[in-house]
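Number of protein chains: 4
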Amino acid sequence: MPNATDTLESLREALASFASERDWDQFHNPKNLAMALAGEVGELVEHFQWLTFDEARALPAGTRDEVALEAADVLLYLVRLCDKLGIDLADAARRKLAINAQRYPVDKSQGSAAKYDKLPQR
Amino acid sequence: MPNATDTLESLREALASFASERDWDQFHNPKNLAMALAGEVGELVEHFQWLTFDEARALPAGTRDEVALEAADVLLYLVRLCDKLGIDLADAARRKLAINAQRYPVDKSQGSAAKYDKLPQR
Amino acid sequence: MPNATDTLESLREALASFASERDWDQFHNPKNLAMALAGEVGELVEHFQWLTFDEARALPAGTRDEVALEAADVLLYLVRLCDKLGIDLADAARRKLAINAQRYPVDKSQGSAAKYDKLPQR
Amino acid sequence: MPNATDTLESLREALASFASERDWDQFHNPKNLAMALAGEVGELVEHFQWLTFDEARALPAGTRDEVALEAADVLLYLVRLCDKLGIDLADAARRKLAINAQRYPVDKSQGSAAKYDKLPQR
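Note that the protein sequences, when read in sequence, are chains L, B, R and A.
So for the first sequence, this note's numbering puts the first residue at 30; every next one is plus one.
So for the second sequence, this note's numbering puts the first residue at 30; every next one is plus one.
So for the third sequence, this note's numbering puts the first residue at 30; every next one is plus one.
So for the fourth sequence, this note's numbering puts the first residue at 30; every next one is plus one.
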């Protein structure tokens, strides 16, 4: 049974209240939010830049927790951006999953990192 | 009432199956996923780079749909990254919201875009 | 008369020595350097995320200096990345300028932010 | 002997003329240019996201040329951004190199990817 607070919709509402209480809607133009998103992803990427694959897979607990909070920042700005644009993020995610299922048929994309437009035609 | 498919947990599961069916776990190292996330955010940002604030607020329907699917890509890679790291993204989001509530008290941060460590001390 | 230390080539050499003296070539794989570049650009973008256009045009001196050093970081990693890939960055820049001159004829792109493949055909 | 066209100053001038001829200064606000920079770095990163370290070191010629032109895009926007901000990029790069030399003494940072504030104190 899904936890109500685990939904994107509940997160969207919490963020809208948070911004409204602080009179932050004036700053939350989609252009600004897209930049904030890019900034947070930059911080997340920095954690991995010098790591080997093995190290990236097995982060020390402290680093993992820092990464978790950076990932949260990315999510919060993403949800907020979509809210300000009137985009239903959960719906978009479902639609994109369906598109990906079409673009990457199981048999053709098996064990391949090729982009869909580079997949072998059969 | 939240839709079960609107939860981050259901998305995590769908993506894990998607990758497993295609034998893609070999590519989904956290380092790679962090890069993929950065790439998708770059694509999202590009949509806004030459826009005024008014234009960013009122995207044409076609652009808005492209942005929705870019936002979905960001979410999908973010969820996948957290899954591979054993991070509970919904929990991290809740924790970060609580941290933000502490860092940005309503009275001190009213109408201010200042970072928490630059807020006026009272 | 150009200053010799103002060239990309002199910068490339300085960075190669810097890394070699510290035994850092082991970390400077192109994949890692591309990530480091993304991280630095994220830091640069953060400076601008909440600013109006007027504010972005007229940064306070302190902020401008911080931005200058972030821009330097971006350049240093970019030059280093190209060096490790055997890419002649100055030559690539000249080639890209020539491509852009072709893609954006002065008369067609006058006062337009449209991407070249969306420019009006005449 | 440095080629005059290899300097950041000559590149700055070429880009200023390019923009002026097309009446593009109206779009080249620092905020917009920072976003364009983020977008281009995203494209560059995408080339490396699924590669192993060995693959990243030995790009096929075609991919390497694509990466070269993406790197050029990053440089062009970076030079343009600095120009619009009145930042001397070559000078900033020299200053940052000097800062890095202080932060990362050869003996302490030998073979270590640790950030300067995590280096062992001796």
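Glycine included, every Cβ here is placed at the ideal spot set by N, Cα and C.
Beta-bridge pairing of threonine 36(B) - partner residues as DSSP gives them: Paired residue(s): Thr36(L).
Straight-line Cα distance separating glutamine 55(R) from valine 135(A): Near 15 Å, if we compare the C-alpha coordinates of glutamine 55(R) and valine 135(A).
The alpha helix (DSSP H) enclosing glutamine 131(L), as first and last residue numbers: For glutamine 131(L), the enclosing alpha helix (DSSP H) starts and ends at 118-132.
For threonine 92(B), the first and last residue of its enclosing alpha helix (DSSP H): Bounds of the alpha helix (DSSP H) holding threonine 92(B) are 90-114.
Residue from Trp53(B), Lys60(B), Val74(B) with nearest C-alpha to asparagine 58(L): When each option's Cα is compared against that of asparagine 58(L), the closest is Val74(B).
Pairwise C-alpha distance: leucine 104(A) and leucine 126(R): Counting only the Cα atoms, leucine 104(A) lies some 11 Å from leucine 126(R).
Separation of alanine 90(L) from tyrosine 145(R), as counted between CA atoms: Cα to Cα, the separation comes out at about 48 Å.
Where alanine 142(B) meets chain R, residues with beta-carbon distance less than 9 Å: The contact set of alanine 142(B) on chain R, defined by CB atoms closer than 9 Å, consists of Gln78, Trp79, Leu80 in chain order.
Buried or exposed (CB count within 10 angstroms, at least 16 for buried), alanine 67(B): Looking at its Cβ environment, which holds 16 or more other Cβ atoms inside 10 Å, alanine 67(B) is buried.
Residues that alanine 67(B) contacts on chain R, provided the C-beta gap is smaller than 7 Å: Alanine 67(B) reaches chain R at Ala67, counting residues in chain order whose Cβ is nearer than 7 Å.
Cα-Cα separation, proline 88(A) to methionine 64(B): The sequence as given places leucine at residue 88(A); proline does not occur at that position. Each residue's Cα considered, the two are about 17 Å apart.
Residues that alanine 63(B) contacts on chain L, provided the C-beta gap is smaller than 7 Å: Within chain L, the residues near alanine 63(B) are Leu73, Val74, Phe77.
Identity of the residue in Ala45(L), Phe82(L), Glu95(L) nearest glutamate 69(L) by Cα: Proximity to glutamate 69(L) across Ala45(L), Phe82(L), Glu95(L) peaks at Glu95(L), based on C-alpha coordinates.
Buried or exposed by the 16-neighbour rule on C-beta atoms within 10 Å, applied to alanine 97(B): So alanine 97(B) counts as buried.
Neighbour list for lysine 125(L) in chain B, Cβ cutoff strictly below 8 Å: Within chain B, the residues placing a beta-carbon under 8 Å from that of lysine 125(L) are Leu98, Ala101, Asp102, Leu105, ordered along the chain.
Neighbour flag for proline 59(L) against chain B, beta carbons, 8 Å: Yes, its Cβ sits closer than 8 Å to a Cβ of chain B.
Under 8 Å by beta carbon: chain L residues contacting phenylalanine 56(R): Chain L residues near phenylalanine 56(R): Trp79.
Chain-order list of residues whose beta-carbon lies under 7 Å from that of glycine 115(L) (same chain, five-residue window excluded): Exclusion of the five residues before and after glycine 115(L) leaves no residue of its chain whose Cβ lies closer than 7 Å to its Cβ.
Backbone secondary structure at glycine 71(R) - three-state DSSP: Glycine 71(R) falls in the helix class under three-state DSSP.
Helix, strand or coil at asparagine 5(B) according to DSSP, with G and I counted as helix: Residue 5(B) lies beyond the stretch modelled for chain B, which goes from 30 to 151, so this question has no answer here.
Lysine 137(A) (DSSP reduced to helix, strand or coil): The DSSP-derived three-state label of lysine 137(A) is coil.
Contact set between tyrosine 145(L) and chain B, taken where Cβ atoms lie within less than 8 Å: By Cβ distance, chain B contributes nothing, its closest Cβ being about 12 Å from tyrosine 145(L), past 8 Å.
Through-space distance from alanine 45(B) to threonine 81(B), alpha-carbon basis: About 39 Å.
Integer-rounded CB distance, given that glutamate 99(B) should sit under 8 Å from glutamate 72(B): The pair is a contact, with the Cβ atoms about 5 Å apart (cut-off 8 Å).
Listed by chain order, chain R residues near alanine 48(A) by CB distance under 8 Å: Under the 8 Å cutoff, chain R gives no residues; its nearest Cβ is about 10 Å from alanine 48(A).
Test item: CB-CB of alanine 119(R) and aspartate 102(A) under 8 Å: No Cβ-Cβ contact shorter than 8 Å links alanine 119(R) with aspartate 102(A).
Contact set between glutamine 131(B) and chain L, taken where Cβ atoms lie within less than 8 Å: Correct list: empty, because the minimum Cβ distance to chain L is about 12 Å.
Neighbour list for aspartate 112(L) in chain B, Cβ cutoff strictly below 9 Å: Taking a Cβ-Cβ cut-off of 9 Å, aspartate 112(L) has no neighbours in chain B, whose nearest Cβ is about 11 Å from it.
7 Å Cβ cut-off: residues of chain R touching valine 70(L): In chain order: Gly71.
Tryptophan 79(R) versus Trp53(L), Phe47(L), Arg132(L), residue with shortest Cα-Cα distance: Looking at the Cα atoms, Trp53(L) is the closest of the given residues.
Spatial neighbours of leucine 62(R) in its chain, beta-carbon cut-off 7 Å, leaving aside the 5 residues before and after: The residues are Tyr106, Arg109, Leu110, Lys113.
Closer than 8 Å to chain L by CB, leucine 148(B): It does not: the Cβ of leucine 148(B) has no partner Cβ on chain L nearer than 8 Å.
Minimum Cβ-Cβ distance from alanine 45(R) to chain A less than 8 Å: Alanine 45(R) does not count as touching chain A.
Classification of arginine 151(B) by the beta-carbon crowding that lies within 10 angstroms, buried from 16 upward: Since pLDDT at arginine 151(B) reaches only 48, below the 50 mark, its modelled position is unreliable, and no value is offered.
Proximity to asparagine 129(R) [Cα-Cα], best of Glu38(A), Ser39(A), Ala43(A), Asp83(A): For the residues Glu38(A), Ser39(A), Ala43(A), Asp83(A), the minimum Cα distance to asparagine 129(R) belongs to Ala43(A).
Boundaries of the alpha helix (DSSP H) in which arginine 25(R) is found, first to last residue: Residue 25(R) falls outside the range modelled here, since chain R spans only 30 to 151, and no answer is possible.
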